[in-house]
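Contents: one structure, followed by commentary.
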Amino acid sequence: MASIASIAQVCKSKNAGPFFFTIDVVFEKKEMFERVRATNVLKAELFADLYKVDLADVQFTIYPAALAFKATVPRRIPAGEIGDSDVYGAQQHAPLLTVDIPINDLD
Amino acid sequence: MTEVRLLSTTAILGYGFPEDSLKRGLARKPHLMGADAGSVDPGPYYLGSGKSFASPRAIKRDLQLMLRASAETGVPVAISTAGGAGGTPHLEATAELAREIAREDKLDFKMALIGSEQDKAFLARKAAEGKTRALAGLPALGGETIERATRIVGLMGPEPYIEALDAGAQVIIGGRSTDPAPWAAAVIRAGLGQAEAWYAGKMLECGAEPALPKKEDCLFVTVTEGGVECEPTNPIRRCTPMSVANFALHENSSPVRHVEPGGVLDTTDCVFEAVSDRAVRISGMRWEPSDRLTIKLEGVELVGYRAVAICATRDPVLIATIDPYLVRVREIVAEKTSAFGIGAADYELVIRVYGRDGVMGALEPYKGPLGHELCFVIEAICPTQEQASAVIAIARTTMLHSDFPGRLCKEGNMAIPFSPSDLEAGAMYRFSVFHTVEVDTPTEMFPIRYEKV
Chain Z
0 MASIASIAQV
10 CKSKNAGPFF
20 FTIDVVFEKK
30 EMFERVRATN
40 VLKAELFADL
50 YKVDLADVQF
60 TIYPAALAFK
70 ATVPRRIPAG
80 EIGDSDVYGA
90 QQHAPLLTVD
100 IPINDLD
Chain U
0 MTEVRLLSTT
10 AILGYGFPED
20 SLKRGLARKP
30 HLMGADAGSV
40 DPGPYYLGSG
50 KSFASPRAIK
60 RDLQLMLRAS
70 AETGVPVAIS
80 TAGGAGGTPH
90 LEATAELARE
100 IAREDKLDFK
110 MALIGSEQDK
120 AFLARKAAEG
130 KTRALAGLPA
140 LGGETIERAT
150 RIVGLMGPEP
160 YIEALDAGAQ
170 VIIGGRSTDP
180 APWAAAVIRA
190 GLGQAEAWYA
200 GKMLECGAEP
210 ALPKKEDCLF
220 VTVTEGGVEC
230 EPTNPIRRCT
240 PMSVANFALH
250 ENSSPVRHVE
260 PGGVLDTTDC
270 VFEAVSDRAV
280 RISGMRWEPS
290 DRLTIKLEGV
300 ELVGYRAVAI
310 CATRDPVLIA
320 TIDPYLVRVR
330 EIVAEKTSAF
340 GIGAADYELV
350 IRVYGRDGVM
360 GALEPYKGPL
370 GHELCFVIEA
380 ICPTQEQASA
390 VIAIARTTML
400 HSDFPGRLCK
410 EGNMAIPFSP
420 SDLEAGAMYR
430 FSVFHTVEVD
440 TPTEMFPIRY
450 EKV
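Here the protein sequences line up with chains Z and U, keeping their order. So the first sequence is residues 0 to 106, counted in numbering that gives the first Met the number 0. So the second sequence is residues 0 to 452, counted in numbering that gives the first Met the number 0.
If you want it as structure tokens, here you go:
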């Protein structure tokens, strides 16, 4: 097992407009990207679960050109609305960091 | 072969760039230089209040270097989403800075001001005709929502910029614009394709952001038929195929489908080739025109007024019992505020607990033990500032002095970092309009005013 934090080059979140978070996981090497992709852990269902939204509301894209996985999910509270805690959406990536990918990162 | 050269100076006008990077960019004789000045990311306050999230001092510094360079070289300047949100006060504030710079530096130029703030009667008519559509799951645009809005702007595409360039404007200050608009304008105007034009705009909207290492700086883009070439002007930065591909992830819901006013830019089949160790050529972008012309709207409405207090505890007994304590605090605040005439319906009290779930709220997955201190950001929102300040004063003192089981720190539960302890945060807004409107022409919502500066 290897956590996303231990194998990804980038793991980040940001608003995609005031009503959505977009979360990106990017790998440095194509080989690692392909191994992660083959495990099928990074998929829409995972993001629906972590961000507590309906599966149908997750826009999930695998983007090989950037060795990236991208998910866009609706915000429970729009940016700047009463109770919002992250106007830019820049710190909503943390739940991804501890997601385990079933590969041996020492391979 | 037609070639269009474009110089983007920085990520946001007012975020800064090295003066030398501008000089290096100008040496390559761009057809247009510019900077995006806005973003919706800083939240609804800026559109509502008419203020900018970058300081006037910082905006003036960047704009002054660009206007001086324009006077020396004749290269026109385009500033899009002026003043951060592109409303009329934002546009006017940026225009006033341009006039001030012209006076100080003895410059003269033809300036175009492109308005994007929308007339409520026009929008109400469009809504009644069924020509508006909600985005992001919002309710349909009704007359009441339009009426309640403090300010609504439309996001212009390239066409108003094309018109201003055709009219010979040397300095264009645009209201709310889709980020690629001014850049796409220069490319389309030169007769190159929509796909290359929008892709170039996507690359340029954030300065040197597609380059490494990351810092606000200038990006130079050369567009020819079928391709776009990106290179940062600062020799310490470089674009790589991966850094450019990665930039497609930035603030987009999809890295490959980009919805724009007149169509969709599809980058699924883009090819990224290094042309040097610092420059990348991208080809294979496609443009799918849509059958209807739609303009996106952004609008905000006033929620109320906010007051804030910050305090923190270092007491382990309180930390161990923090949830029931905060319930008790809310009860006492309700009792005391109702005694001076502010009922439960008149205020919202938000208590953010940093050290527990202040950043993620209900989405926080961590359920382990808490640390040795907790910080509270307490916020009251009321119909008036006076009410909000009254509620926050009671909430702050209640947080400080309320009793709890096993309490040892009987003189006070909170460290309060400032005097005054309570901060008046002023008006608070929410995004209330996030819709599209169908129009007949891409310029009808964006009047241009020309001025001899």
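Beta carbons: idealized from backbone N, C-alpha and C, even for Gly.
Helix, strand or coil, according to DSSP, for residue 249 (chain U) in the structure here?
Within the second sequence, residue 249 (chain U) is the residue found at index 250, counting from 1. If DSSP states are grouped into helix, strand and coil, residue 249 (chain U) belongs with coil.
Residues of the stretch 270-301 of chain U with a CB closer than 8 Å to any CB of chain Z: list them in chain order, please.
271
Closest residue to residue 459 (chain U) among U:155, U:409, U:9 (Cα-Cα distance):
Residue 459 (chain U) lies beyond the residue range present for chain U, which begins at 0 and ends at 452; the question has no answer from this structure.
N-terminal and C-terminal residue of the alpha helix (DSSP H) that residue 199 (chain U) is part of:
Within the second sequence, numbered from 1, the residue matching residue 199 (chain U) stands at position 200. Element bounds for residue 199 (chain U): 193-203.
Residue 7 (chain Z) CB to nearest chain U CB: under 8 Å?
Translated into positions along the first sequence, residue 7 (chain Z) becomes position 8. False, the Cβ-Cβ gap to chain U never drops below 8 Å.
Contact set between the stretch 56-81 of chain Z and chain U, restricted to residues whose Cβ is under 8 Å from the partner:
58, 60, 62, 64, 65, 66, 67, 69, 71, 73, 75, 76, 77, 78, 79, 80, 81
With contact counted as at least three CB pairs below 8 Å, one residue from each stretch, are the stretch 433-445 of chain U and the stretch 324-332 of chain U in contact?
no
Is the beta carbon of residue 111 (chain U) sitting closer than 8 Å to the one on residue 171 (chain U)?
Counting from 1 along the second sequence, the entry for residue 111 (chain U) is found at position 112. Counting from 1 along the second sequence, the entry for residue 171 (chain U) is found at position 172. A contact, by the Cβ cut-off of 8 Å.
Considering just the uninterrupted stretch of the alpha helix (DSSP H) at residue 356 (chain U), what are its terminal residues?
Numbered from 1 along the second sequence, position 357 holds the residue referred to as residue 356 (chain U). Counting along the chain, residue 356 (chain U) falls outside any alpha helix (DSSP H), and DSSP gives it neither H nor E.
Mind pulling the chain U residues with CB within less than 8 Å of residue 40 (chain Z)?
Position 41 of the first sequence, counted from the start, is the residue given in the question as residue 40 (chain Z). Those do not exist, as residue 40 (chain Z) stays about 16 Å from chain U at its closest Cβ, beyond 8 Å.
Mind listing the chain U neighbours of residue 86 (chain Z)? Cutoff is C-beta to C-beta under 8 Å, in chain order.
By one-based count along the first sequence, residue 86 (chain Z) stands at place 87. Neighbours of residue 86 (chain Z) on chain U, chain order: 40, 41, 42.
Could you please give the first and the last residue of the uninterrupted beta strand (DSSP E) stretch that includes residue 300 (chain U)?
By 1-based counting over the second sequence, the position of residue 300 (chain U) is 301. Its beta strand (DSSP E) spans residues 293-312.
Using 8 Å as the threshold, is the C-beta distance between residue 51 (chain Z) and residue 21 (chain Z) below it?
Within the first sequence, numbered from 1, the residue matching residue 51 (chain Z) stands at position 52. Within the first sequence, numbered from 1, the residue matching residue 21 (chain Z) stands at position 22. Against a cut-off of 8 Å, the Cβ pair of residue 21 (chain Z) and residue 51 (chain Z) comes out as no contact.
Which residues of chain U have a Cβ atom closer than 8 Å to the Cβ of residue 14 (chain Z), listed in chain order?
As a position in the first sequence, residue 14 (chain Z) is number 15, starting the count at 1. Within 8 Å Cβ-Cβ: 39, 40, 250.
Cβ-Cβ distance between residue 79 (chain Z) and residue 43 (chain U) below 8 Å
Stepping through the first sequence from its first residue, residue 79 (chain Z) is reached at position 80. Stepping through the second sequence from its first residue, residue 43 (chain U) is reached at position 44. Taking 8 Å as the Cβ cut-off, residue 79 (chain Z) and residue 43 (chain U) qualify as a contacting pair.
Count the other C-beta atoms from every protein chain shown that fall within 10 angstroms of the C-beta of residue 104 (chain U), then say buried if there are 16 or more, exposed otherwise.
On the second sequence, residue 104 (chain U) is found 105 positions in, with the first residue counted as 1. Exposed.
Environment of residue 8 (chain U) [buried if 16+ CB atoms lie within 10 Å]
As a position in the second sequence, residue 8 (chain U) is number 9, starting the count at 1. Classification for residue 8 (chain U): buried.
Taking 8 Å as the CB-CB cut-off, is residue 26 (chain Z) touching chain U?
What you label residue 26 (chain Z) is simply residue 27 of the first sequence in a count that begins at 1. False, the Cβ-Cβ gap to chain U never drops below 8 Å.
Would a C-beta distance cut-off of 8 Å place residue 113 (chain U) and residue 163 (chain U) closer than the cut-off?
Locating residue 113 (chain U) in the second sequence gives position 114, where the first residue counts as 1. Locating residue 163 (chain U) in the second sequence gives position 164, where the first residue counts as 1. Against a cut-off of 8 Å, the Cβ pair of residue 163 (chain U) and residue 113 (chain U) comes out as a contact.
If you compare alpha carbons, which of U:136, U:344, U:32 is closest to residue 56 (chain Z)?
One-based indexing of the first sequence puts residue 56 (chain Z) at position 57. For the residues U:136, U:344, U:32, the minimum Cα distance to residue 56 (chain Z) belongs to U:136.
Is it the case that the Cβ atoms of residue 229 (chain U) and residue 278 (chain U) are separated by a distance below 8 Å?
Position 230 of the second sequence holds residue 229 (chain U). Position 279 of the second sequence holds residue 278 (chain U). Cβ atoms of residue 229 (chain U) and residue 278 (chain U): closer than 8 Å.
Unbroken beta strand (DSSP E) run spanning residue 23 (chain Z), endpoints
In the first sequence, residue 23 (chain Z) corresponds to position 24, counting from 1. Unbroken beta strand (DSSP E) run through residue 23 (chain Z): 19-25.
Residues that DSSP places opposite residue 153 (chain U) in a beta bridge:
For the purposes of this step, residue 153 (chain U) is taken as the residue at position 154 of the second sequence. Looking at the DSSP assignment, residue 153 (chain U) forms a beta bridge with U:296.
Contact criterion: CB-CB distance below 8 Å. Does residue 430 (chain U) meet it with respect to chain Z?
Counting from 1 along the second sequence, the entry for residue 430 (chain U) is found at position 431. It does; some Cβ of chain Z falls within 8 Å.
Give the residues of chain Z in contact with residue 368 (chain U), contact being defined as C-beta atoms less than 8 Å apart.
Here residue 368 (chain U) refers to the residue found at position 369 of the second sequence. In chain order: nothing, as chain Z lies at least about 16 Å away.
Delimiting residues of the beta strand (DSSP E) encompassing residue 439 (chain U):
As a working note, residue 439 (chain U) is residue 440 in the second sequence. Taken as a continuous stretch (DSSP letters only), residue 439 (chain U) belongs to no beta strand (DSSP E), as it is neither H nor E.
Just the Cα atoms here: how many angstroms apart are residue 88 (chain U) and residue 49 (chain U)?
Within the second sequence, the letter at position 89 stands for residue 88 (chain U). Within the second sequence, the letter at position 50 stands for residue 49 (chain U). Taking the straight line from one Cα to the other gives about 5 Å.
Looking at chain Z, is there any beta carbon in it that lies within less than 8 Å of the beta carbon of residue 247 (chain U)?
The residue labelled residue 247 (chain U) in the question sits at position 248 within the second sequence. Cβ-Cβ to chain Z under 8 Å: yes for residue 247 (chain U).
Using the beta-carbon of each residue, which ones in chain Z are nearer than 7 Å to residue 347 (chain U)?
The residue you call residue 347 (chain U) lines up with position 348 of the second sequence. Result: 81.
Beta strand (DSSP E) segments (min. 3 residues) lying fully within the stretch 158-183 of chain U:
170-173
Does the beta carbon of residue 46 (chain Z) come closer than 8 Å to any beta carbon on chain U?
The residue you call residue 46 (chain Z) lines up with position 47 of the first sequence. It does not: the Cβ of residue 46 (chain Z) has no partner Cβ on chain U nearer than 8 Å.
Residues in the same chain with beta-carbon distance under 7 Å from residue 300 (chain U), minus the five sequence neighbours each way, listed in chain order, please.
By 1-based counting over the second sequence, the position of residue 300 (chain U) is 301. Within the same chain, residue 300 (chain U) has close Cβ partners 147, 148, 149, 428, 429, 431.
What residues from chain U crowd round residue 43 (chain Z), counting only those whose CB sits closer than 9 Å?
In the first sequence, counting from the first residue as 1, residue 43 (chain Z) sits at position 44. Residues of chain U passing the Cβ test: none, with the nearest at roughly 13 Å.
By alpha-carbon positions, which one of U:21, U:145, U:176, U:177 ends up nearest to residue 61 (chain U)?
For the purposes of this step, residue 61 (chain U) is identified with residue 62 of the second sequence, where counting begins at 1. Considering only alpha carbons, the answer is U:21.
Determine, using beta carbons only, whether residue 93 (chain Z) comes closer than 8 Å to chain U.
Start at 1 with the first residue of the first sequence, and residue 93 (chain Z) comes out as number 94. Yes - at least one Cβ of chain U is within 8 Å of the one on residue 93 (chain Z).
Are there 16 or more other CB atoms within 10 angstroms of the CB of residue 205 (chain U), so buried, or fewer, so exposed?
The count along the second sequence starts at 1 and reaches residue 205 (chain U) at position 206. Residue 205 (chain U) is buried by the Cβ-count criterion.
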